[in-house]
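Numbering (my numbering) for the sequence shown: 4 to 260. Where a beta carbon is used, it is the ideal one built from N, C-alpha and C, also for glycine. One structure is given below, encoded as structure tokens.
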Amino acid sequence: MKRLNKMAAVFTVVAFLATAKAFATNSWGTYHWARTSNPFTLQIGNNLSTAEWKGYLGPVSTDWSVSSVLDTSSVGGSGGSSCKAKSGTVQACNRKYGFNGWLGLAQIWVSGGHIVQATAKVNDSYFNTTTYNNGNAKRHVLCQEIGHTLGLDHQTAVSCMDDANGLFDAAYASPNAHDYTQLETIYSSLDATSTVAPTLVAAASDDEGPDKPDDFGRPVGNNGRLFVKDLGEGRELFTFVIPAPLGNPDHGNPDKP
């Protein structure tokens, strides 16, 4: 009986550790948008070119606005076909970026420890194929890239911030409670100034993020999901990647449901 009790205790500890790992901190550093009050409103520029993608941005923006510390507002885009960043905003874009290995990119410009501008890109070269032409997958990727621009990293739970599971699953197309809790932690302390439009200070001068993996900069960690590029004068560009198979994904893709 004692042995059984010990085994039960071991299993309980293992289960607890697994759960704790899944809900560990998922901010990607101390980086955040500077602001002088909560909640603040972050503008998401709508540069999306199809009715379908535009239709996903609204629910994604609404999901992130559930947070108690911030709201996101979909506004007219200013990034154009090249998806140029605009100071104090996130610009969301879709385009055929080629079969270059990624489904989505979040690119975040940081200066002095604060996020100053960002873009979220989705790759129609993949999403126009039969494998990835899936509403849940599109919303998952767009939700995750917007989440990165808020300061969130990946997590391993049922959330759009899960980078290992659930791409085609509707349950993984939205943030979860842990994501909102993490945002409360990230934005718990106020700043003396703001990098959020329209009350922003000067932003980064390099406003067009690279699309080719060779130009992302040095990898952070060993999973090929985050890169950083030194822009000089205390400025950095972080690129989060949602990977996709190289070549034609409709040939032997193990992720196809």
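* **8 Å CB neighbourhood of T33 in its chain, flanking five on each side removed** => The residue given as residue 33 occupies position 30 in the sequence shown. Around T33: G116.
* How about S114 and R238: are their beta carbons less than 8 Å apart? -> Here residue 114 is taken as the residue at index 111 of the sequence shown, counted from 1. Here residue 238 is taken as the residue at index 235 of the sequence shown, counted from 1. Yes. Within cutoff.
* To do: Report the rounded CA-to-CA distance for L234 versus V63, giving the unit in angstroms.
  => Mapped onto the sequence shown, residue 234 falls at position 231. Mapped onto the sequence shown, residue 63 falls at position 60. C-alpha separation (whole angstroms): 30 Å.
* Relative to the alpha-carbon of D66, which residue among G212, P213, Y175 has its alpha-carbon at the smallest distance? -> Start at 1 with the first residue of the sequence shown, and residue 66 comes out as number 63. Closest option to D66, Cα to Cα, is Y175.
* Hey, E187 and V69 are a contact pair by Cβ (cut 8 Å); roughly how many whole angstroms apart? -> Position 184 of the sequence shown, counting from 1, holds the residue named residue 187. Position 66 of the sequence shown, counting from 1, holds the residue named residue 69. 12 Å between Cβ atoms; not a contact.
* Mark N97 as exposed unless 16 or more other C-beta atoms lie within 10 angstroms of its C-beta, in which case mark it buried. => As a position in the sequence shown, residue 97 is number 94, starting the count at 1. Burial call: buried.
* Asked: Which stretch, first to last residue, makes up the beta strand (DSSP E) that contains Q147?
  -> The residue you call residue 147 lines up with position 144 of the sequence shown. Run containing Q147: none in the beta strand (DSSP E); it sits in the alpha helix (DSSP H), 138-152.
* Just grab the DSSP bridge partners of K232 for me. => Your numbering for residue 232 matches position 229 in the sequence shown. Answer is L240, bridged to K232.
* To do: Please say whether N103 and K215 have beta carbons closer to each other than 8 Å?
  => For the purposes of this step, residue 215 is identified with residue 212 of the sequence shown, where counting begins at 1. For the purposes of this step, residue 103 is identified with residue 100 of the sequence shown, where counting begins at 1. A contact, by the Cβ cut-off of 8 Å.
* To do: Please classify M10: does DSSP put it in a helix, a strand, or coil?
  => One-based indexing of the sequence shown puts residue 10 at position 7. No answer about M10 holds up, because its pLDDT of 38 lies below 50 and its placement is not dependable.
* Based on the DSSP output, what are the partners of G116 in its beta bridges? -> Residue numbering aside, residue 116 sits at position 113 when the sequence shown is read from its first letter. In DSSP, G116 forms no bridge with anything.
* Asked: When the Cα atoms are used, what is the spatial distance from D217 to A195?
  -> Here residue 217 refers to the residue found at position 214 of the sequence shown. Here residue 195 refers to the residue found at position 192 of the sequence shown. Taking the straight line joining both Cα atoms gives about 37 Å.
* Among K99, G224, L155, A173, which residue has its Cα nearest to the Cα of D182? -> In the sequence shown, counting from the first residue as 1, residue 182 sits at position 179. Residue L155 is the option with its Cα nearest to D182.
* **Burial state of E148 (16 or more Cβ within 10 Å)** => Within the sequence shown, the letter at position 145 stands for residue 148. Flag for E148 reads buried.
* To do: Just mark L193 as buried or exposed, buried being the case when its beta carbon has 16 or more other beta carbons within 10 Å.
  => Here residue 193 corresponds to residue number 190 of the sequence shown, with the count starting at 1. It counts as exposed.
* To do: Starting from the C-beta of A109, find all residues in its chain whose C-beta is less than 6 Å away, skip the five residues before and the five after it, and write them out in chain order.
  => Within the sequence shown, residue 109 is the residue found at index 106, counting from 1. Counting only Cβ-Cβ distances below 6 Å, and skipping sequence neighbours, we find A123, E148, H151, T152, F243.
* Asked: What are the residues that DSSP puts in a beta bridge with W105?
  -> Here residue 105 refers to the residue found at position 102 of the sequence shown. Note: W105 sits in a beta bridge opposite P246.
* Asked: Which stretch, first to last residue, makes up the beta strand (DSSP E) that contains A95?
  -> Numbered from its first residue, the sequence shown carries residue 95 at position 92. Its beta strand (DSSP E) spans residues 93-98.
* Contact under 8 Å by Cβ, L49 with V93 -> Sequence index remark: in the sequence shown, residue 49 carries index 46 (1-based). Sequence index remark: in the sequence shown, residue 93 carries index 90 (1-based). The sequence shown places Asn at residue 49, rather than the Leu named in the question. Not closer than 8 Å, so no.
* To do: Give the secondary structure of L193 by DSSP, where H, G and I count as helix, E and B as strand, and everything else as coil.
  => The residue labelled residue 193 in the question sits at position 190 within the sequence shown. Three-state result, L193: coil.
* To do: Compute the Euclidean distance between the alpha carbons of N41 and I189, then round it to the nearest angstrom.
  => Taking the sequence shown and counting its residues from 1, the one referred to as residue 41 is at position 38. Taking the sequence shown and counting its residues from 1, the one referred to as residue 189 is at position 186. Their Cα atoms are separated by approximately 12 Å.
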